[in-house]
Every structure is written in structure tokens, then in C-alpha cells.
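Protein chains in written order, with the working numbering: chain A, 26 to 334; chain B, 26 to 334. Have a look at the structure below before the remarks.
Number of protein chains: 2
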Amino acid sequence: MTNSIYAKGCAWINDEFVPIDKAAIPITDTGFTRSDLTYDVVAVWNGKFFRLADHLDRFERGWNRIRMQPQITRAAMEDILFDCVAKSGLREAYVEMIVTRGIPVDGDRDPRNYINRFYAFAIPYVWIAKPDHQLEGIKLVIANDTLRTPTTSIDPTVKNFQWGDLVKGLLEAYDRDAYTAVLLDGDGNVTEGPGFNVFAYFEGRLITPPDGVLQGITRATVIDLAEELGIPCSVERLSAEQLRVADEVFLTSTAGGVMPVSMIDGQAVANGDPGKVTMLVRELYWQAHEREQWTSVVTYEQPALESIG
Amino acid sequence: MTNSIYAKGCAWINDEFVPIDKAAIPITDTGFTRSDLTYDVVAVWNGKFFRLADHLDRFERGWNRIRMQPQITRAAMEDILFDCVAKSGLREAYVEMIVTRGIPVDGDRDPRNYINRFYAFAIPYVWIAKPDHQLEGIKLVIANDTLRTPTTSIDPTVKNFQWGDLVKGLLEAYDRDAYTAVLLDGDGNVTEGPGFNVFAYFEGRLITPPDGVLQGITRATVIDLAEELGIPCSVERLSAEQLRVADEVFLTSTAGGVMPVSMIDGQAVANGDPGKVTMLVRELYWQAHEREQWTSVVTYEQPALESIG
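Pasting the structure below:
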């Protein structure tokens, strides 16, 4: 498998499969020059896509919301995603799909005239925080210098690459000896961070913010699993003050799952160890990656025999 | 010239010159996947760069502000920009330069570890509105559905591709039978539109907003030229109400220059013709493209003899 030309990842670009290190998009695509696109990321774990239909549903809602219409069907997209993973041979993969507005012809400024484009790639699974790091717990800050872009400007439910605020928050976290940051809205409520939703366990229930955030699939999964576990879970505003005094805090992302937070702004969350509820949800989250109703099995190709380079 | 492989444009990608239709950036560059970059656009008019040093100054301030450090010197960048134009043979060009955060290695989430990348390209001059259209006057709307992303989230003085709000405004303009849109801030003040600053002539003086906007080089040029013409010009807050009752309104951009507005939200600006002050400034703006202190002459190569394809 490791001698496949796709072993480091496989992309679908301009209607063909290419090794990830050769995958490039036109510099004139307004997906780049205007960040005019939507995307989604789905995980493959132990050779199975996790909740692929839910990711595709969100992706489709997103491109409709920003008035795009890819040139291929959803079924064809799905085939391409399976093929990217199968060619790569990756049993654990981070699979990204993107629809961009497309390329202006002759300097045309009217995005309605562009042909929307579909790109995809599968690379090795990405961890916002690796498993060992998760068990130590993540050091989080509440960003002081940056607020989350309000929904009156950019709709966070249409998954996008406009991460200026999130990257600034991340750099602030490093400056403050932390690992990542959560951003507040203009009313002092918790929103989200670079690539993750936030949950607090507080007064006997889980809380996660209702809006101003991506409607994460991992977030949705945690809400589902909490119900199974009999843990009350409420989708409601979460203030910075509540987050600071919560009994447990964790982050959720397709890139890492359920990730315990041990510190906020230099203060330990409870006694600083990953919380019991967090660890219970986390364990069930990974077990759920084998559930038939949530998984789609990849059929891997024979390992390609081409040598690299 | 037209048989040069660069006749449609020339790009600098991965340390080599390529025809624009072959120019592509790695799909894994966080300049794409996080829109983590800054850029600038300078015009070449009649074979001369216009205010190149000012564009490079702004570009350099931008990458410093977001903590990037390109791997090549500013002088080397400048050489590449001249070469892109010279190879293209374009006498009127839209020349873009970009510094991106770069490519994560092995899923590394820490942008401080990435090697920042420099890209550039020259394509035929782009007009937000073509000259004939400018003389008719542009139909503008004040966006109802979208506010400009506030500076507490994203700094508009670091020129960026995070255009979600601006593209949404543009689509709203089309829905309302207009050509483009200006966005307000949360206090009802005028900010900017997709690719342009705004000026109003009102109570005997020009007004353009002080902040929450790109510090445009065309905007700066208009401020300079107004002073030469003895037209009072004030950099101050401009409310939507003031814009609606202004005697003249125009837009400024490197991609189009000084562009008269004839209508706002379906109502004529004054009598609906381009205003006198607007046309005076516009004429001087184009004349200024021959001033020695603001121009840098391109030395064109012999036309390349390669045939296309």
C-alpha cells in the first residue's frame, strides 16, 4: 500500500485523480481569490465513512444557501469520495469536498456566470489534538483580541474557509501559552474555535451554543449519544462566565472527536483532569464509528504498484 | 505578441513562470483552505506600473500584521512582478501578488510552522465597470441583508479574500436590479463594497469613510488629487442617509479607477448623470498614470515565438 502514488493522499481535481502532492487548483478560481466556496470534511475510521449522508446533507444545504450548483450529481460526488479513499489505501482518513464559484472568463465580475467546480481529497486522518494530548487535556483560552465574525456578515452554518478571526484567535492562544482558542460573540457568549464546537458540563447538564456556530456533525453526534447515555443536554446560549466555572469542558470536531479541555485562561477546569462525562461521551463516540446505521464501508483497491516519483 | 504562451497572462508559481491557464496553487495551501493570506493588486497602464511602491508598502504591512514572512525579498518580488508583465506583453494589466501561510506538513495545525509562500500573476486589466458603463453611471444598492464584517473580527486594512459578506451583497444587488452594493457597519455607516472604496460629494466637500475599510491606493490618490484641485476632502464617517442625499457619489478601485454612481437603491443621485467633481477627479486620475513620481516603466521582452498548446 505504501508504494501507491496515492499513499500520502488522493485528490480529484479538474475531473481526474491525482496524488495529493500534485493536487492544485487554478489560481484564478474565485474559490481562492474570493474564498467563494463551501466545503465539508468527513472522517473515514477503520475503513468506514462516518455519517457520510449527514455531511453530504450539510454540504448540499451549504451550496444551495450560497447559490451554487455543482456540475455533477451528489451520487457522483459520493463515488469520487469513495474512490479517493480507496486509491489512497488509507483506513483512517480526513476527506474533504469543496464546491467553488469557479473561474471568471475575461475579467467578468458577475459570479452568477461562473461554472461552479467540485474538488475533493482524502489525506491521512487529521487530529486537532492527538489522543495522548487529549488525555492530558487541552489548554484553551477565550480570545481577548478577536470576536467571532457575526452571522449578520458571514453565515457560519455554511462551512467556509474564511478563518481570519479563528487564525488570529489561534495565534493569540500560542502567545498565551495555550493550545487553541474559543471566540466570543459581541454579547460575551461562547461561539466556536478553529475547527471545533464547544460543550460545557454545568449544573448537571451539557450545554452547547445554539447559533453563531457551525452545526457540527460531531456536535450532533454528541447530542445523540448524550441522550442514549441519559445525560441531559441543552442547546442554549453559553456565556464566557459559565464556561469558566463549568465542571467539564470539551471540544468536538471531525478532526479529533471529543477532546477534553483541562485549562481555560490558565485556570484548571475543575481539578484539571478530563471529566467523567466527557470521557464517557468520548468512549461511546469512537465505539459509534462501528455502528451500521452511521457507517459506509470503503472497498479498497488492490494496492497500486507504481513507485513514487 | 498574441502568440506568446503568456499572452493571456503570466503567473509565478512554485518558483517558476507559467501561463495563467496553467497556474495553480496546492489545494493543501492554507492560503486556500483557511484563506490565510494577504494580497495586493497593482495596475499597469500604458506600460507603466502605477504607485507600485505604495502597493508594496501596504502588502508588506499586511503580511507583517498577520505575522507572515515570505521567503524572498521585496526586491525579488518586484522583479517577479515586472517579469510577469514583461512576459505577458500586456500594456494594461491587473497584477496580483499574494503571500500565503503555506502548507501543513503531516497534519500539523500550528500555522507558525508553515513556510510562507509567494505567488504573483499579471492578467489583462480588470474593470469593475467598463469605461462606457462608468459614463452611464453605476446602479448601486446599500445592502439590506448583510453588514460588513466588523474590524473586531477581521482587519480590512490587511487586504484579504474573505469576501463572504461582499459576495452576498453583490448577489443582493443583482436581485434588486443594480450592479453592485455597498455594505454598512453595525452603526449604519458606509464601509466599502466588493473591491472598492466609496466617496460622496456632499455640502461642498468629498467624504470617504476613515476606517472599517481597505486603505485603498486609488482612494489615497483621489485624496491627493482633490487637494491639487482645491476640492475639500474629508476622511470621516459617512452615514447611509448622507450617501442617499449626496450631490455626487463615486467608487474607487485599482480595477476601474474612479467610477461614477448614478443611482442608489433605485433613486437617482442628483439628476442621475455623473457629477462634475467626479468627472474632474476621474480625468486627473487617468492623467496621473503618466506622472514620473508615480510610475515605473516596464521593459517588455521580445515577443515570445512559442505557439500556444
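Glycine included, C-beta positions come from ideal geometry on N, C-alpha and C.
B/L62 sits in a strand when the DSSP states are folded into three classes.
In this structure the stretch 174-189 of chain B does not touch the stretch 151-162 of chain B; the number of beta carbon pairs closer than 8 Å is below three.
Taking a 10 Å sphere around the C-beta of B/E266, we find fewer than 16 other C-beta atoms and assign the residue as exposed. The contact set of B/I38 on chain A, defined by CB atoms closer than 9 Å, consists of A49, I52 in chain order. Under the criterion of beta carbons closer than 8 Å, A/F221 and A/T233 do not qualify as touching, at roughly 11 Å. At a cut-off of 9 Å, the C-beta of B/R142 has no neighbouring C-beta in chain A. Our two residues, A/A295 and A/Y31, have alpha carbons roughly 45 Å apart in a direct line.
Judged by beta-carbon spacing, B/A271 lies within the 9 Å limit of B/Y226, meaning their Cβ atoms are closer than that value.
By the criterion of a C-beta distance shorter than 8 Å, A/P181 is surrounded in its chain by R173, T174, T216, E217, G237, V238, L239, once the five residues flanking it on both sides are discounted. In the three-state reduction of the DSSP assignment, A/G189 falls in the helix class, which pools H, G and I. Ranked by how close their Cα comes to the Cα of B/Y64, the residues B/D108, B/R86, B/I167 have B/R86 in first place.
A distance below 8 Å between beta-carbons, with the five flanking residues on each side excluded, links A/T324 to the following residues of its chain, in chain order: F107, A111. Counting only unbroken stretches of 3 or more residues, the beta strand (DSSP E) elements lying wholly within the stretch 144-205 of chain A are 163-172, in sequence order.
Under the rule that a run must span 4 or more residues, the alpha helix (DSSP H) segments found entirely inside the stretch 199-283 of chain B read 242-254, 265-270. Given a length threshold of 3 residues, each whole run of the beta strand (DSSP E) inside the stretch 66-147 of chain A is given here in chain order: 73-75, 118-125. Contact annotation: in the stretch 187-199 of chain A, residues whose CB is within less than 9 Å of a CB in chain B are Q187, W188, G189, D190, L191, V192, K193, L195, L196, Y199. Put simply, the backbone Cα of A/D79 is about 7 Å away from that of A/I242.
At a cut-off of 9 Å between C-beta atoms, B/V166 does not count as an interface residue with respect to chain A. For A/W37, the uninterrupted beta strand (DSSP E) run begins and ends at 35-38, by DSSP. Beta bridge pairing from DSSP links A/I50 with B/I50. Secondary-structure assignment with DSSP links B/E41 through a beta bridge to B/I38. Around B/T279, the same chain offers V66, A68, T243 as residues with beta carbons nearer than 6 Å, after the five sequence neighbours per side are excluded.
Legend: CB atoms of the stretch 217-230 of chain A lying less than 7 Å from CB atoms of chain B are not found in any residue. In this structure, DSSP gives A/A32 a state outside helix and strand, which the three-state scheme calls coil. Comparing alpha-carbon positions, the option among A/T303, A/L62, A/E253 lying closest to A/L276 turns out to be A/T303.
With contact defined as three or more Cβ pairs closer than 8 Å, the stretch 198-209 of chain B and the stretch 247-254 of chain B are not in contact.
By the beta-carbon neighbour count (other beta carbons within 10 angstroms, threshold 16), A/N39 is exposed. B/A293 carries a strand assignment under DSSP once its states are collapsed to helix, strand and coil. Residue pairing of B/M304 in beta bridges, as defined by DSSP: absent, with no partner found. With a cutoff of 9 Å on beta-carbon distance, B/V120 and B/F84 are scored as not near each other. If you draw a straight line from the Cα of A/P44 to the Cα of A/F146, it is about 9 Å long. Taking C-beta separations shorter than 6 Å and ignoring five residues to either side along the sequence, the partners of A/V274 in its chain run A225, V286, V294, following chain order. The beta carbon of A/G229 lies closer than 8 Å to those of P257 in the same chain, with the five residues before and after it left out. Residue environment analysis places A/Q96 among the exposed positions, since fewer than 16 neighbouring C-beta atoms fall within 10 angstroms of its C-beta.
Listed in chain order, the positions of the stretch 117-151 of chain B with a beta carbon within less than 7 Å of a beta carbon of chain A are G132, R134, P136, R137, Y144, F146, P149, V151. Between the C-alpha atoms of A/T176 and B/G194 there is a straight-line separation of about 14 Å.
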